[in-house]
Amino acid sequence: MAEPPPALSWPVSLVVALLPVGACFLGGSTSKWAEGMVVAFFGVLLLLQPPRRSLGWPLNLIFLAFVLSAAVAFLPQQFFSTPAWRTASMNDLGIQLSPSVSPQPWLTVGCLVSLLAGVSWLYFAATQELELRGVRFQLRTFATGMVFLASLSLLLFWLHQSLPFWQNARGFGPFPNRNQTADLFGVVSILILAAGQDDVRYHRKRWMLWLVALVIVISALVINFSRAGILFLMLGSALWIAAVAWQQPSSKWLGVGGAFVLLLASALFVFGGETLARFNLPHLVDNDFRWLIFHDTWKLINASPWCGLGLGNFESVFAIFRDASHGNTRALHPESDWLWLWAELGPLGPILVVVGAILLIRHVMPMPTGTNQRFRLATLIGAISFALHGLVDVSGHRVGTAYAALFLFGMSLHRPLSFAPSRLVPWIFRALGLIFLISGGVWILASRDGSLLPGGLGVANVKQQAESSSRGRNYKEAVELTTRGLQWAPLDWQLYYLRGVALAAERAPREQTLNDFRRARFLEPNSYSVPLEEGVIWSGINPQLSFVAWREALRRAGESDRAEVFRRIFFNGAVANPNGRALVEKLAYDYPDLSVAYLQQLPAPDFRRALPRLLESDPDLKALTERQRREVFRLWQERGDQAALANFVQAHPGMQKEAWRFMAQQAANSRDFHHAAEIMRQNIPAPVFPPMLEGASLDQVRARAFRIPIDYAAGYTLARRQETGGLYEDMLVTVRHFTDMRNAPSYFNYLEATGWAAKNNWDRSWKAWLAFESAQATNR
Numbered sequence: 000m001a002e003p004p005p006a007l008s009w010p011v012s013l014v015v016a017l018l019p020v021g022a023c024f025l026g027g028s029t030s031k032w033a034e035g036m037v038v039a040f041f042g043v044l045l046l047l048q049p050p051r052r053s054l055g056w057p058l059n060l061i062f063l064a065f066v067l068s069a070a071v072a073f074l075p076q077q078f079f080s081t082p083a084w085r086t087a088s089m090n091d092l093g094i095q096l097s098p099s100v101s102p103q104p105w106l107t108v109g110c111l112v113s114l115l116a117g118v119s120w121l122y123f124a125a126t127q128e129l130e131l132r133g134v135r136f137q138l139r140t141f142a143t144g145m146v147f148l149a150s151l152s153l154l155l156f157w158l159h160q161s162l163p164f165w166q167n168a169r170g171f172g173p174f175p176n177r178n179q180t181a182d183l184f185g186v187v188s189i190l191i192l193a194a195g196q197d198d199v200r201y202h203r204k205r206w207m208l209w210l211v212a213l214v215i216v217i218s219a220l221v222i223n224f225s226r227a228g229i230l231f232l233m234l235g236s237a238l239w240i241a242a243v244a245w246q247q248p249s250s251k252w253l254g255v256g257g258a259f260v261l262l263l264a265s266a267l268f269v270f271g272g273e274t275l276a277r278f279n280l281p282h283l284v285d286n287d288f289r290w291l292i293f294h295d296t297w298k299l300i301n302a303s304p305w306c307g308l309g310l311g312n313f314e315s316v317f318a319i320f321r322d323a324s325h326g327n328t329r330a331l332h333p334e335s336d337w338l339w340l341w342a343e344l345g346p347l348g349p350i351l352v353v354v355g356a357i358l359l360i361r362h363v364m365p366m367p368t369g370t371n372q373r374f375r376l377a378t379l380i381g382a383i384s385f386a387l388h389g390l391v392d393v394s395g396h397r398v399g400t401a402y403a404a405l406f407l408f409g410m411s412l413h414r415p416l417s418f419a420p421s422r423l424v425p426w427i428f429r430a431l432g433l434i435f436l437i438s439g440g441v442w443i444l445a446s447r448d449g450s451l452l453p454g455g456l457g458v459a460n461v462k463q464q465a466e467s468s469s470r471g472r473n474y475k476e477a478v479e480l481t482t483r484g485l486q487w488a489p490l491d492w493q494l495y496y497l498r499g500v501a502l503a504a505e506r507a508p509r510e511q512t513l514n515d516f517r518r519a520r521f522l523e524p525n526s527y528s529v530p531l532e533e534g535v536i537w538s539g540i541n542p543q544l545s546f547v548a549w550r551e552a553l554r555r556a557g558e559s560d561r562a563e564v565f566r567r568i569f570f571n572g573a574v575a576n577p578n579g580r581a582l583v584e585k586l587a588y589d590y591p592d593l594s595v596a597y598l599q600q601l602p603a604p605d606f607r608r609a610l611p612r613l614l615e616s617d618p619d620l621k622a623l624t625e626r627q628r629r630e631v632f633r634l635w636q637e638r639g640d641q642a643a644l645a646n647f648v649q650a651h652p653g654m655q656k657e658a659w660r661f662m663a664q665q666a667a668n669s670r671d672f673h674h675a676a677e678i679m680r681q682n683i684p685a686p687v688f689p690p691m692l693e694g695a696s697l698d699q700v701r702a703r704a705f706r707i708p709i710d711y712a713a714g715y716t717l718a719r720r721q722e723t724g725g726l727y728e729d730m731l732v733t734v735r736h737f738t739d740m741r742n743a744p745s746y747f748n749y750l751e752a753t754g755w756a757a758k759n760n761w762d763r764s765w766k767a768w769l770a771f772e773s774a775q776a777t778n779r
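553 is the number that numbering that gives the first Met the number 0 gives to position 554 of the sequence shown; each next residue is one higher, with no gaps.
1) Please list the segments of the alpha helix (DSSP H) lying wholly inside the stretch 60–92, counting only runs of 4 or more residues, in order along the chain.
2) Figure out for me which residue from W755, H736 and I707 has the closest Cα to the Cα of Y727.
3) Closest to V43 by C-alpha separation, out of L497, F435, R361 and S303, would be which residue?
4) Please check the pair N223 and G307, which I expect to be a contact at CB under 8 Å, by giving their CB distance rounded to whole angstroms.
5) With a threshold of 6 Å on Cβ separation, who are the neighbours of P49 within its own chain once the five nearest residues in sequence on each side are excluded?
6) Rounded to the nearest angstrom, what separates M89 and L344 at their Cα positions?
7) Sort out for me which residues DSSP pairs R52 with in a bridge.
8) Taking the alpha-carbon positions, what's the L230 to L423 distance?
9) Alpha carbon to alpha carbon, what distance is there between F41 and V11?
10) Give the range of the alpha helix (DSSP H) segment to which Y727 is assigned.
11) To the nearest angstrom, how far is the alpha carbon of F408 from that of L376?
12) Grouping DSSP H, G and I as helix and E and B as strand, with all else coil, what is S97?
13) According to DSSP, is K758 helix, strand or coil?
14) With distance defined between alpha-carbon atoms, name the residue in G195, A219, Y201 and V216 nearest to L208.
15) With distances taken between CB atoms, is the gap from W32 to S446 smaller than 8 Å?
16) Near V564, what residues of its chain come up, given a Cβ to Cβ distance below 8 Å and the 5 sequence neighbours on each side ignored?
17) Along the chain, where does the alpha helix (DSSP H) containing A342 start, and where does it finish?
18) Ordered along the chain, which non-local residues of its own chain (more than five positions away) have a Cβ less than 7 Å from that of A667?
19) Taking the alpha helix (DSSP H) that H674 belongs to, which residues open and close that run?
20) Where are the alpha helix (DSSP H) runs, 4 residues long or more, that stay fully inside the stretch 606–659, in chain order?
21) In angstroms, rounded to a whole number, what distance separates the CA positions of V669 and R763?
22) At which residue ranges does the stretch 374–451 contain complete alpha helix (DSSP H) runs of 4 or more residues, listed in the order of the chain?
23) In terms of residue numbering, what span does the alpha helix (DSSP H) encompassing Y715 cover?
24) Taking DSSP as the reference, what is the three-state secondary structure of H202?
25) Measure the Cβ-Cβ separation of S101 and G309 and say whether it is below 8 Å.
26) Determine the DSSP secondary structure at E314, reduced to helix, strand or coil.
27) Which of helix, strand or coil does DSSP assign to N748?
28) For the candidate residues A704, Y715, K758 and V734, whose alpha-carbon lies nearest to that of G725?
29) What does the alpha-carbon distance come out to for the pair F164 and R498?
30) Using CA coordinates, which residue listed in G185, P602, V391 and L238 is at the minimum distance from L213?
31) So for Q543, helix, strand or coil by DSSP?
32) From E505, Y590, Q649 and R518, pick the residue whose C-alpha is nearest to that of T624; which is it?
33) On a CA-only basis, which of A116, E751, L220 and Q76 is nearest P98? Give me that one, please.
34) Compare the Cα-Cα distances from P453 to each of G484, A603, F672 and L433 and report the closest residue.
35) DSSP three-state label for M691, please.
36) Leaving out the 5 sequence neighbours to the left and right, which residues in its chain are closer than 7 Å to A125 when beta-carbon positions are compared?
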């Protein structure tokens, strides 16, 4: 029997507690250099202070099976069923995939090291030999570090600043994705509640500091603008308070706890702002894009062998299966930790995680008094909440949040530990520590030096260097770099695209270049940007090939983006390359809405030549919407033959609703201002009028309107009363007083037009209608 291991010293406890804090501080360790620092530091910790207790053969078997389920990806593919996408990639496109289950085993190796480090971190946290005071010290240190992180996030947000390694769209928090920031602070809020209650219980004034800390974290959750953090805070706090009250039945504690939850809910409703507005049930159920991602992920899972795709392969393969979640933006993950795990490890992965968690929770229970039960309850609630949120988020695949959650889970175990000491376990973890130290160091150095090492980091460096070589016109080097990168990541569409660009610039054999662009389009079948940029490359070399690529870009764009994509095609294919104008025009008439977009770009001479083509294909313009027909008539009036337009409108009486502006202008050109003004009156929507002033005489309103220049309400009231009384001359004097002002409301121009019409002065009424339209456009 081995000797019982000694308890950890406080310096080691400090380092352990701050390791997940550091992982979060380094931008969530989502970059490989940051993960390398965390893994290397953890490797040193394992070398100096490895676990000395064994979790027992059931848990050890689960941990080993979990790692082996990831290693199955290195077995030959012929042992399993072959997916159709894999056959198509190799036979139809000539993509050279690895004969292993994982089509990209070099990417799987790097992910396997990360997975092994995470599993080892949980094992280390769960087997720490700590006294009860040491447990509280680590948890308080961890919570303090996270409060510092929340404070720094708030400070940088208010200063509109950021750390170089913090990259996020909203400028708040260390993680690129706000959901990971919400996960982190939401879990910590429950731990802060436990720490504060412990100080209140022992009458220590330190509870006031924890109250300030809770306010800071809640503020961070609100500003972070994520639903997940608020749910963590509300449900986690309520569950913790209810559990504490259940353990120690007391009307006092139950009342205080209930009051706290109500106060917290009230504060969130008052100060939650847009964050609370995101809790919209119809939005959650009907409009959340992640449900479409789930649907397509399930298709991928069903099309994969039972052992999954292998770690690191989801993003590359998932693009092929995107149908319901079709979009121009690439999906990097399935919006769910559990689905991601299932897709890459097969169903065995999630099952082993659940079974292992249940076995570990057995060592958490029971929670009798005097065992840090309130702290341990908070950590367990936080860890379980984190796992449940993993159903609709991927925080478990981010080093910072994963290490924080695993640390809390390990700290929830009942101490003193019931696990037996082991002589073998320390040596196993020292060996793992050496692996982590070497791997982390390599990742750090490769990130700094741009080394082309096999794996995901090497692929990222290849892309960066290949782009730099292409910009420097060293296309041969770019081809060599991307070819090397494709040996490690043969399903990376960007590598094929970059190589295709370099081959096209080198005037390589056309078939070779086309093959690479074809592979890029197959591996990224949703984004219109890929064929759009390919078309730009071909436009100066072979316009016919650019036509094929651009037609594919328009097919992918959909109605919402098609017009904008076509404009980019027009300027690259027709303006920059006049020889390609005929091809661009041919593209335009594939879609009715694009024909309008095409006409918009043409000057008058070209417009007159292009319009008959539209009328030839659609003589009655029935394929166009009302808005599109109105735009065609506007362009026709400005750039085309107005006599032909008049004949067209006369031959199509049903289109007078769209052509009324032209008809009005034609009547005015014929000096039939009566008809022109009446057309305007019948078709221009009336403006929104202000309420009239009540309780004042006509003279009082007149004095007020002319004494205060910008008293528009008085001016409007005066004009209306004069109109009602038939005083049209006075009314016109009043409205002209305001129409002469800059930025006056457009309803004064409207009143002027109706006033001149009442006096049968149709010429002046027509001009007032034109002024009204202009004023509306200016004030809009």
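Cβ coordinates follow ideal geometry from the N, Cα and C atoms, glycine included.
To lay it out plainly:
1) Listed in chain order, the complete alpha helix (DSSP H) runs (minimum 4 residues) inside the stretch 60–92 are 83–90.
2) Stepping through the sequence shown from its first residue, residue 727 is reached at position 728. Put simply, of W755, H736 and I707 the residue whose alpha carbon is nearest the alpha carbon of Y727 is W755.
3) Walking along the sequence shown from the start, residue 43 turns up at place 44. The residue with the shortest Cα to Cα distance from V43 is F435.
4) Numbered from its first residue, the sequence shown carries residue 223 at position 224. Numbered from its first residue, the sequence shown carries residue 307 at position 308. Contact flag wrong, Cβ pair sits at about 33 Å.
5) In the sequence shown, the residue the question calls residue 49 occupies position 50. Listed in chain order, the non-local C-beta contacts of P49 below 6 Å within the same chain comprise P425, F428 and R429, local neighbours out to five positions each way being set aside.
6) Position 90 of the sequence shown, counted from the start, is the residue given in the question as residue 89. Position 345 of the sequence shown, counted from the start, is the residue given in the question as residue 344. Each residue's Cα considered, the two are about 23 Å apart.
7) Here the question's residue 52 lines up with position 53 in the sequence shown. Answer is P420.
8) Start at 1 with the first residue of the sequence shown, and residue 230 comes out as number 231. Start at 1 with the first residue of the sequence shown, and residue 423 comes out as number 424. Near 43 Å, if we compare the C-alpha coordinates of L423 and L230.
9) Taking the sequence shown and counting its residues from 1, one reaches residue 11 at position 12. Taking the sequence shown and counting its residues from 1, one reaches residue 41 at position 42. CA-CA distance, V11 to F41, rounds to 12 Å.
10) Stepping through the sequence shown from its first residue, residue 727 is reached at position 728. DSSP places Y727 in the uninterrupted alpha helix (DSSP H) bounded by Y727 to T738.
11) On the sequence shown, position 409 is the one that residue 408 refers to. On the sequence shown, position 377 is the one that residue 376 refers to. Rounded to whole angstroms, the separation of the alpha carbons of L376 and F408 is 10 Å.
12) Position 98 of the sequence shown, counted from the first residue, corresponds to residue 97. S97 falls in the coil class under three-state DSSP.
13) In the sequence shown, counting from the first residue as 1, residue 758 sits at position 759. K758: coil per DSSP, three-state reduction.
14) Translated into positions along the sequence shown, residue 208 becomes position 209. Nearest C-alpha to L208: G195.
15) Mapped onto the sequence shown, residue 32 falls at position 33. Mapped onto the sequence shown, residue 446 falls at position 447. Yes, the Cβ-Cβ distance between W32 and S446 is below 8 Å.
16) For this step, residue 564 is matched to residue 565 along the sequence shown. In the same chain as V564, and ignoring 5 residues on each side of it, the C-beta atoms closer than 8 Å to its own belong to Y527, L531, A552, L553 and A556, in chain order.
17) Here the question's residue 342 lines up with position 343 in the sequence shown. Counting along the chain, the alpha helix (DSSP H) containing A342 begins and ends at D336 to L344.
18) Position 668 of the sequence shown holds residue 667. Same-chain partners within the cutoff: A675 and W765.
19) On the sequence shown, position 675 is the one that residue 674 refers to. F672 to N682 is the span of the alpha helix (DSSP H), which, as asked, contains H674.
20) Segments of the alpha helix (DSSP H) lying fully in the stretch 606–659: 625–638 and 641–650.
21) Residue mapping note: residue 669 aligns to position 670 of the sequence shown, counting from 1. Residue mapping note: residue 763 aligns to position 764 of the sequence shown, counting from 1. Here the sequence assigns Ser to residue 669, which means Val is not the residue at that position. Separation of S669 and R763 (C-alpha to C-alpha, rounded to the nearest whole angstrom) is 15 Å.
22) Fully enclosed alpha helix (DSSP H) runs of 4 or longer: 398–410 and 423–448.
23) As a working note, residue 715 is residue 716 in the sequence shown. Here the alpha helix (DSSP H) through Y715 covers Y711 to T723.
24) As a working note, residue 202 is residue 203 in the sequence shown. H202: coil per DSSP, three-state reduction.
25) Stepping through the sequence shown from its first residue, residue 101 is reached at position 102. Stepping through the sequence shown from its first residue, residue 309 is reached at position 310. Yes, the Cβ-Cβ distance between S101 and G309 is below 8 Å.
26) Locating residue 314 in the sequence shown gives position 315, counting from the first residue. E314 falls in the helix class under three-state DSSP.
27) Counting from 1 along the sequence shown, the entry for residue 748 is found at position 749. Three-state DSSP puts N748 in a helix.
28) Against the sequence shown, residue 725 aligns to sequence position 726. Nearest to G725 by C-alpha distance, out of A704, Y715, K758 and V734, is K758.
29) Position 165 of the sequence shown, counting from 1, holds the residue named residue 164. Position 499 of the sequence shown, counting from 1, holds the residue named residue 498. Cα-Cα distance, rounded: 30 Å.
30) Taking the first residue of the sequence shown as 1, we reach residue 213 at position 214. For the residues G185, P602, V391 and L238, the minimum Cα distance to L213 belongs to G185.
31) On the sequence shown, residue 543 is found 544 positions in, with the first residue counted as 1. Helix.
32) Locating residue 624 in the sequence shown gives position 625, counting from the first residue. It is Y590 whose Cα lies nearest to the Cα of T624.
33) Taking the first residue of the sequence shown as position 1, residue 98 is located at position 99. Answer by Cα proximity: Q76.
34) Working through the sequence shown from its first residue, we reach residue 453 at position 454. Ranking G484, A603, F672 and L433 by Cα distance to P453 puts G484 first.
35) As a working note, residue 691 is residue 692 in the sequence shown. Three-state DSSP puts M691 in coil, outside helix and strand.
36) Locating residue 125 in the sequence shown gives position 126, counting from the first residue. Excluding residues up to 5 positions away in sequence, L54, L359, G409 and L412 lie with their Cβ nearer than 7 Å to the Cβ of A125 in the same chain.
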